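Protein chains: 2
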Amino acid sequence: MSTPIRLPLRPLTVEAFAPFGEVIEASPERPHFPINAGTTTRFHALAHAEVSGEGRVVLSIFRGQPFALPLALRVIERHPLGTQAFVPLSGRPWVVVVGAPGPAPAPSALTAFLCRGDQGVQYARGTWHHPLIALEAESDFLVVDRVGDGHNCDEVPLDDGTVWITASDV
Amino acid sequence: MSTPIRLPLRPLTVEAFAPFGEVIEASPERPHFPINAGTTTRFHALAHAEVSGEGRVVLSIFRGQPFALPLALRVIERHPLGTQAFVPLSGRPWVVVVGAPGPAPAPSALTAFLCRGDQGVQYARGTWHHPLIALEAESDFLVVDRVGDGHNCDEVPLDDGTVWITASDV
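Sequence lines, in order, name chains A and B. Throughout the first sequence, residue numbering follows my numbering, covering 1 to 170 in sequence. Throughout the second sequence, residue numbering follows my numbering, covering 1001 to 1170 in sequence.
This is the structure:
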């Protein structure tokens, strides 16, 4: 059996996540402007939903059970027909694991990000990703993705115990 | 000068909000099912984004300054070319004021809802609504709406001091 791979947890930034999609956060570096007679600031178009074919964009809430670290990753998946966005509603940090679009990436080619509780992401169409990883407590996320006909989920299991994320970076 | 109108604050429910759009909340009465090998519950398709023409669906964050009650409403607006969803990221309660699609409603025909901090709404296309009303503290909201060509905002000012919402119902 080969040596288990340990993915370092990187901080989520727009630049680091760019190969995988968009970061949804109200930071002063993002385009923003006043609206509503100055009573609201709009951090504008942080992510752009995209669906193919007859698909529609829907808003759902995912209620994720918390995972403890170290965590053995179990599967990666991708949605070839549309983007998928996750925005935490709990304020708690969470973890995103991604691989570039294309053939299923080797476990060593995955990237793990530690997201703050005020950071969401949108996976670009076809970006490989691990299912939702909440931390600390049961946590709700707003999810914006596609419904419609067509095959929109590919899953690739990971051999048990081969890829880990650990708490040492948190 | 006519007597000021005081709008009662009603609790936000799916049924009461149905003429104006969809409620985004993870309640057991909404369609939900397990995903991700049982580690996540998906409260599915709580709202359906809709954009006309060449528009696109984008995700933004609105940072709203808090309002104190009693509050005199100042304007209502509508977006004829697409839905607009607001989901609180702060966990704090907030207020929605709406009027049915069609000609601009009389102030007495507006409806005010007190939303819990775990309740979002999506205004149906053309639904009249007051701009964002955060309470208690500066609060962020995820907003899902349309960008694109075309005229997508009608505004109708309300005479100052004619329509109020008050704290007595909160």
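Glycine included, every Cβ here is placed at the ideal spot set by N, Cα and C. Here the structure is a predicted model, which is why all the values come from computation and not from measurement.
C-alpha gap between residue i and residue j, whole angstroms
{"i": "P1031(B)", "j": "V1075(B)", "result": "35 Å"}
{"i": "P103(A)", "j": "R1078(B)", "result": "45 Å"}
{"i": "V96(A)", "j": "P1101(B)", "result": "40 Å"}
{"i": "H44(A)", "j": "H1048(B)", "result": "20 Å"}
{"i": "D118(A)", "j": "L69(A)", "result": "21 Å"}
{"i": "P157(A)", "j": "S108(A)", "result": "14 Å"}
{"i": "D1149(B)", "j": "D149(A)", "result": "28 Å"}
{"i": "L73(A)", "j": "F1062(B)", "result": "34 Å"}
{"i": "L1135(B)", "j": "T1166(B)", "result": "12 Å"}
{"i": "G55(A)", "j": "D154(A)", "result": "17 Å"}
{"i": "L1009(B)", "j": "P1093(B)", "result": "12 Å"}
{"i": "A1018(B)", "j": "P1011(B)", "result": "13 Å"}
{"i": "L1114(B)", "j": "P4(A)", "result": "52 Å"}
{"i": "P28(A)", "j": "H1151(B)", "result": "28 Å"}
{"i": "G161(A)", "j": "R6(A)", "result": "10 Å"}
{"i": "F1020(B)", "j": "G1099(B)", "result": "7 Å"}
{"i": "G1038(B)", "j": "L71(A)", "result": "16 Å"}
{"i": "N36(A)", "j": "A106(A)", "result": "48 Å"}
{"i": "S90(A)", "j": "P80(A)", "result": "28 Å"}
{"i": "V1057(B)", "j": "G53(A)", "result": "15 Å"}
{"i": "T13(A)", "j": "T1013(B)", "result": "37 Å"}
Exposed unless 16 or more other CB atoms sit within 10 angstroms - verdict on residue i
{"i": "D1159(B)", "result": "exposed"}
{"i": "P88(A)", "result": "buried"}
{"i": "H129(A)", "result": "buried"}
{"i": "A112(A)", "result": "buried"}
{"i": "D140(A)", "result": "buried"}
{"i": "T1127(B)", "result": "buried"}
{"i": "A85(A)", "result": "buried"}
{"i": "F33(A)", "result": "exposed"}
{"i": "T41(A)", "result": "buried"}
{"i": "S2(A)", "result": "exposed"}
Test: residue i CB closer than 8 Å to a CB of chain A
{"i": "V1098(B)", "result": "no"}
{"i": "G1021(B)", "result": "no"}
{"i": "V1170(B)", "result": "Model confidence at V1170(B) stands at a pLDDT of 47, short of 50, so the residue's coordinates are unreliable and nothing is read from them."}
{"i": "A1049(B)", "result": "yes"}
{"i": "N1171(B)", "result": "Chain B is shown from 1001 up to 1170; residue 1171(B) falls before or after that span and cannot be answered."}
{"i": "P1131(B)", "result": "yes"}
{"i": "A1112(B)", "result": "no"}
{"i": "T1013(B)", "result": "no"}
{"i": "A1026(B)", "result": "yes"}
{"i": "R1092(B)", "result": "no"}
{"i": "V1057(B)", "result": "yes"}
{"i": "D1159(B)", "result": "no"}
{"i": "L1089(B)", "result": "yes"}
{"i": "V1147(B)", "result": "yes"}
{"i": "I1005(B)", "result": "no"}
{"i": "A1072(B)", "result": "no"}
{"i": "A1109(B)", "result": "no"}
Residue i at chain B interface by Cβ criterion, 8 Å
{"i": "I165(A)", "result": "no"}
{"i": "S2(A)", "result": "no"}
{"i": "L9(A)", "result": "no"}
{"i": "D140(A)", "result": "yes"}
{"i": "S60(A)", "result": "yes"}
{"i": "R63(A)", "result": "yes"}
{"i": "F17(A)", "result": "no"}
{"i": "R42(A)", "result": "yes"}
{"i": "V192(A)", "result": "It is not possible to answer for residue 192(A), since the shown part of chain A is limited to 1 through 170."}
{"i": "L69(A)", "result": "no"}
{"i": "V144(A)", "result": "yes"}
{"i": "A45(A)", "result": "yes"}
{"i": "T162(A)", "result": "no"}
{"i": "T39(A)", "result": "yes"}
{"i": "V156(A)", "result": "no"}
{"i": "A137(A)", "result": "no"}
{"i": "A124(A)", "result": "no"}
{"i": "A104(A)", "result": "no"}
Anticipated Cβ contact below 8 Å, residue i with residue j, distance rounded
{"i": "R1116(B)", "j": "V1051(B)", "result": "At roughly 28 Å, the Cβ-Cβ gap does not stay under 8 Å, so R1116(B) and V1051(B) are not in contact."}
{"i": "G64(A)", "j": "L132(A)", "result": "4 Å"}
{"i": "P1066(B)", "j": "E1138(B)", "result": "6 Å"}
{"i": "L110(A)", "j": "V143(A)", "result": "Contact flag wrong, Cβ pair sits at about 21 Å."}
{"i": "S60(A)", "j": "L1059(B)", "result": "Wrong, their Cβ atoms sit about 14 Å apart, outside the cutoff."}
Practice problem: Inspect the CB distances between the segment 1120-1135 of chain B and the segment 1020-1030 of chain B and report whether three or more fall short of 8 Å. | Solution: yes
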